[in-house]
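What follows is one structure encoded as structure tokens, with my remarks underneath.
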Amino acid sequence: MNWRLSSSSSPFLLLSFSWLLLVFPTCSSMDRYRDCSNRFNCGHITDVGYPFSGERRPSDCGHPDLKLSCHHGSLTTIEIKGVTYNVLEINPTKQILKISIDDMFDGFCSLKFPKNTTFDPPDDLFEYAPDSQQVTILYDCPSTPYIPPGYVPGSGSASAPARLDCPMGSTYKSAFIITEPHAADPQCNLTLKVGILRSYDYGDMGNLSKVEEAMRLGFEVKYKVDTGACNECIESGGSCGSTSMTNQLTCYCEGHNPPPGEIKCPPPPPPPTGQTAKTGIIQLAQVFLKLIFGS
């Protein structure tokens with residue numbers, strides 16, 4: 156059998172081969188599309204998609220600093236600047252996370268942080284939500300911490316430091332709580348900067364059980380990620396992810412991904428029509444058979 160193709164059939168062969176490449180996407184493209192179509196579900200945190208990754212959502216399905224973890228099928232955590240926080244709520248519409256310090260569940264006086272810890276937005280990804288503010292907690296200070304001008308210790312004002320004495324057997328003996336930004340004090344064993352809800356009654360700052368309750372209730376932060384473009388991707392039939400180099404949105408499609416700069420899945424290309432296309436496909440199949448079985 157003569158397997159040589161005539162010059163007149165070559166364009167049809169090339170057209171058919173190109174069409175096959177367009178119709179059948181690469182495995183990696185399909186894998187990303189399927190993986191990023193998965194949702195994160197853990198306990199009461201459900202149906203979470205972009206910009207988060209975690210569990211059945213690989214890292215390239217979300218922002219690298221928004222990776223969720225599921226523990227025992229019920230507890231969701233996120234690591235921010237090396238500190239683990241429990242995720243209490245996610246509001247995708249307002250792009251708000253409600254979180255609490257994971258160690259706080261061992262008690263306010265028994266935190267296991269090895270060094271000073273700061274959740275100190277705003278930065279390029281997080282900022283405090285309007286309903287939350289920062290407090291500074293200084294553990295095991297030899298004396299009352301230095302208070303800059305404007306602070307009135309003992310006045311009962313929101314900015315006055317409140318002293319808490321810890322029960323016997325705790326990791327720390329005492330703590331001062333300052334409800335305004337405050338620098339770390341080198342005389343103290345640990346400085347913790349964390350959020351608290353503005354609705355908290357600051358008159359309870361000297362009550363250990365009330366403070367522990369407030370810390371367990373967590374605080375709210377806003378994550379600053381453009382999710383509007385993701386909606387366009389989803390409406391076109393795609394699933395959202397991000398590039399590892401730039402953290403920018405990538406639209407993964409069931410077919411071929413959109414060209415650079417586009418965030419919508421392209422429509423599938425029309426197949427070749429007519430007898431010439433059929434001839435080209437038949438000839439392409441013959442070439443494949445020759446490669447497999449020889450001449």
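Positions 156 to 450 (the numbering used here) are the ones given, in order, by the sequence shown.
Note that CB positions come from ideal geometry on N, CA and C, so glycine has one too.
As the structure is a prediction and not an experimental result, all values here were calculated from the model.
Q: Pull up the distance between the alpha-carbon of Met-360 and that of Ser-394, whole angstroms please.
A: 46 Å
(Q) Taking only three categories from DSSP, how would you classify Glu-387? (A) helix
Q) Any idea what DSSP makes of Ser-397, helix, strand or coil? A) strand
Q. Below 9 Å between beta carbons: does that hold for Phe-112 and Val-349?
A. With the chain covering only 156 through 450, there is no way to say anything about residue 112.
**Q.** Buried versus exposed, by CB contacts within 10 Å (16 or more), Gln-289
**A.** buried
Q: Could you please give the first and the last residue of the uninterrupted beta strand (DSSP E) stretch that includes Val-376?
A: 374-378
Q: State the start and end residues of the unbroken beta strand (DSSP E) segment that holds Ser-329.
A: 329-333
Q) When DSSP builds the beta bridges, which residues end up paired with Ser-197? A) First, the residue type needs correcting, since residue 197 is Cys and not Ser in the sequence shown. Ile-200.
Q. By how many angstroms is the C-alpha of Thr-232 removed from the C-alpha of Glu-282?
A. 18 Å
Q. Going by alpha carbons, who is nearest to Asn-386 out of Pro-413, Ile-418, Cys-197?
A. Ile-418
(Q) Whole angstroms are fine: how far does the CA of Lys-379 sit from the CA of Ile-280? (A) What sits at residue 280 in the sequence shown is Leu, not Ile. Cα-Cα distance, rounded: 5 Å.
Q. What's the gap between the Cα of Pro-414 and the Cα of Leu-243?
A. 38 Å
Q.
Taking DSSP's pairing of strands, which residues face Thr-326 in a bridge?
A. Bridge partners of Thr-326: none, in fact.
Q. Exposed or buried, which one is Ile-292 when buried takes at least 16 other CB atoms within 10 Å?
A. buried
Q: Within 10 angstroms of the Cβ of Gly-237, are there 16 or more other Cβ atoms? Answer buried if so, exposed if not.
A: exposed
Q. Can the beta-carbon of Phe-274 be found closer than 9 Å to that of Val-376?
A. yes
Q. Taking Cβ to Cβ, would you say Asp-215 is nearer than 9 Å to Ser-391?
A. no
Q: Check each candidate in Leu-319, Thr-405, His-199 and name the one with the smallest Cα separation from Lys-253.
A: His-199
Q. What residues are listed by DSSP as bridge partners for Thr-346?
A. Leu-293
Q. Taking C-alpha atoms, which residue in Cys-420, Cys-408, Asp-381, Thr-299 lies nearest to Asn-126?
A. A query on residue 126 cannot be resolved here, the shown segment of the chain reaching from 156 to 450 and no further.
**Q.** CB contact flag (Tyr-205, Cys-408, <9 Å)
**A.** no
Q. Closest to Gly-358 by CA distance: which of Asn-344, Ala-339, Leu-347, Ile-333 is it?
A. Ile-333
Q: Report all residues from its chain with a CB closer than 6 Å to the CB of Asn-344; omit the five preceding and five following residues, and keep chain order.
A: Tyr-294, Asp-295
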